[in-house]
């Protein structure tokens, strides 16, 4: 079980507030951290064909 401690400046200064997470919430935190740790290797190619006219036009507007 994980207990998260957090104190906000808007709360009373009595001490830290705590909340406990369920097992499914703990799995979400692990998954989110794993996704942030993944490196993506992408290659972007621009195709000069008719199908890409709208995207090309929108790109050149800015």
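Residue numbers (this note's numbering): 560 to 621.
Note that CB positions come from ideal geometry on N, CA and C, so glycine has one too.
Remember, predicted model here, so these are calculated numbers, not experimental data.
How many angstroms separate the CA atom of residue i from the CA atom of residue j?
i           : j           : result
residue 561 : residue 616 : Note that residue 561 has pLDDT 48, beneath the 50 cutoff, so the model's placement of it is unreliable and the number below is only indicative. Roughly 51 Å between the two C-alpha positions.
residue 583 : residue 595 : 19 Å
residue 604 : residue 593 : 28 Å
residue 611 : residue 618 : 11 Å
residue 598 : residue 587 : 19 Å
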